[in-house]
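Protein chains in written order, with my numbering: chain A, 293 to 406; chain B, 23 to 135. Glycine is no exception: its CB is placed at the ideal position from the N, C-alpha and C atoms.
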């Protein structure tokens, strides 16, 4: 069974610091990796995706992937109180129909302290 | 352009009752999905569809049924509701050329008592 593991937190980070969120996955055949942000009572919102080993940067966000270690991380630079949310790591699951249902971790609750 | 809409927002069911959760998208997306999210947990895939008339099971399909008669609509049917189906249900859609980018609806919070 495919699994995606995250530390549930809460992870508390001072405003302006770097928040580091981590995720491991069990299926070595996984191809694509996603980070979703979910505010309390709201639906998930895609913020980053990464396919290749290495780093991918988008504004204050950097996704890092290491397929050999089956590890993906999300760095948030210059953390703001508005970044306080639950961050869900998701892995692409291949299916016979070609649709990309995702396997999600339980999420890490991030708190940015002003 | 409303994106993905879901109705109702909230619902309380008694054990054994049935209901249909509605999902509509106006982005002409081929792929649609139903997920459930239990408190403190990630999302789990219930059913998905790659187009009108085509549906398939996800990770947790038991107790649910779906249909896809049009591109826009993907209703989720609960038959004989059980307390274990108490959850938040999210519908999502994606374009077949950018399947990684799933757009989520606002969710339906369902309680079965």
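>> For the region 296-312 of chain A against the region 326-344 of chain A, do three or more pairs of beta-carbon atoms, one drawn from each stretch, fall closer than 8 Å, so that the two count as touching?
In response: By the C-beta criterion, the region 296-312 of chain A is judged not to be in contact with the region 326-344 of chain A, since fewer than 3 inter-stretch pairs fall below 8 Å.
> What did DSSP end up calling residue 131 of chain B once you bin it into helix, strand or coil?
Replying inline: To locate residue 131 of chain B, count along the second chain from 1; it is residue 109. Here DSSP, grouped into helix, strand and coil, assigns residue 131 of chain B to strand.
>> Judging by CA-CA distance, which residue of B/65, B/48 and B/131 is the nearest neighbour of residue 95 of chain B?
In response: Taking the second chain and counting its residues from 1, the one referred to as residue 95 of chain B is at position 73. Of the candidates B/65, B/48 and B/131, the one whose C-alpha sits nearest the C-alpha of residue 95 of chain B is B/48.
>> Within 8 Å of any Cβ in chain A, is that where the Cβ of residue 126 of chain B sits?
In response: Against the second chain, residue 126 of chain B aligns to sequence position 104. Residue 126 of chain B counts as touching chain A.
> Should residue 397 of chain A and residue 323 of chain A be called a contact, given that it needs their Cβ atoms to be closer than 8 Å?
Replying inline: For this step, residue 397 of chain A is matched to residue 105 along the first chain. For this step, residue 323 of chain A is matched to residue 31 along the first chain. One thing to note: residue 397 of chain A has its Cβ no nearer than 8 Å to the Cβ of residue 323 of chain A.
>> Taking the alpha-carbon of residue 134 of chain B as reference, which of B/67, B/63, B/123 and B/108 has the nearest alpha-carbon?
In response: Position 112 of the second chain, counted from the start, is the residue given in the question as residue 134 of chain B. Comparing Cα positions, the closest option is B/108.
>> Does chain A have any CB closer than 8 Å to the CB of residue 96 of chain B?
In response: In the second chain, the residue the question calls residue 96 of chain B occupies position 74. Judged by the 8 Å Cβ criterion, residue 96 of chain B is not in contact with chain A.
> How about the region 108-117 of chain B and the region 57-69 of chain B: do they share at least three Cβ pairs that are nearer than 8 Å?
Replying inline: With the cut-off at 8 Å, the region 108-117 of chain B and the region 57-69 of chain B touch.
> In chain B, what lies closer than 8 Å to residue 398 of chain A by C-beta?
Replying inline: Along the first chain, one-based indexing puts residue 398 of chain A at 106. Neighbours of residue 398 of chain A on chain B, chain order: 62, 63 and 64.
> Would you call the CB atoms of residue 42 of chain B and residue 98 of chain B closer than 8 Å?
Replying inline: Here residue 42 of chain B corresponds to residue number 20 of the second chain, with the count starting at 1. Here residue 98 of chain B corresponds to residue number 76 of the second chain, with the count starting at 1. In this structure, residue 98 of chain B lies closer than 8 Å to residue 42 of chain B by Cβ.
> What number of angstroms, rounded off, separates the C-alpha of residue 25 of chain B from the C-alpha of residue 120 of chain B?
Replying inline: Counting from one through the second chain, the residue named residue 25 of chain B turns up at place 3. Counting from one through the second chain, the residue named residue 120 of chain B turns up at place 98. Across the structure, residue 25 of chain B and residue 120 of chain B are spaced so that their CA atoms are roughly 16 Å apart.
>> Output needed in chain order: residues of the region 326-346 of chain A with a Cβ under 8 Å from some Cβ in chain B.
In response: Cβ contacts with chain B come from 326, 334, 335, 336, 337, 338 and 341.
> Under the three-state reduction of DSSP, which class applies to residue 97 of chain B: helix, strand or coil?
Replying inline: Taking the second chain and counting its residues from 1, one reaches residue 97 of chain B at position 75. In the structure shown, residue 97 of chain B sits in coil (DSSP, three-state: anything other than H, G, I, E or B).
> Is it the case that the Cβ atoms of residue 317 of chain A and residue 380 of chain A are separated by a distance below 8 Å?
Replying inline: Counting from 1 along the first chain, the entry for residue 317 of chain A is found at position 25. Counting from 1 along the first chain, the entry for residue 380 of chain A is found at position 88. Cβ distance not < 8 Å, so residue 317 of chain A and residue 380 of chain A don't count as in contact.
> Along chain A, which residues have their Cβ under 8 Å away from the Cβ of residue 112 of chain B?
Replying inline: Position 90 of the second chain, counting from 1, holds the residue named residue 112 of chain B. Neighbours of residue 112 of chain B on chain A, chain order: 335 and 336.
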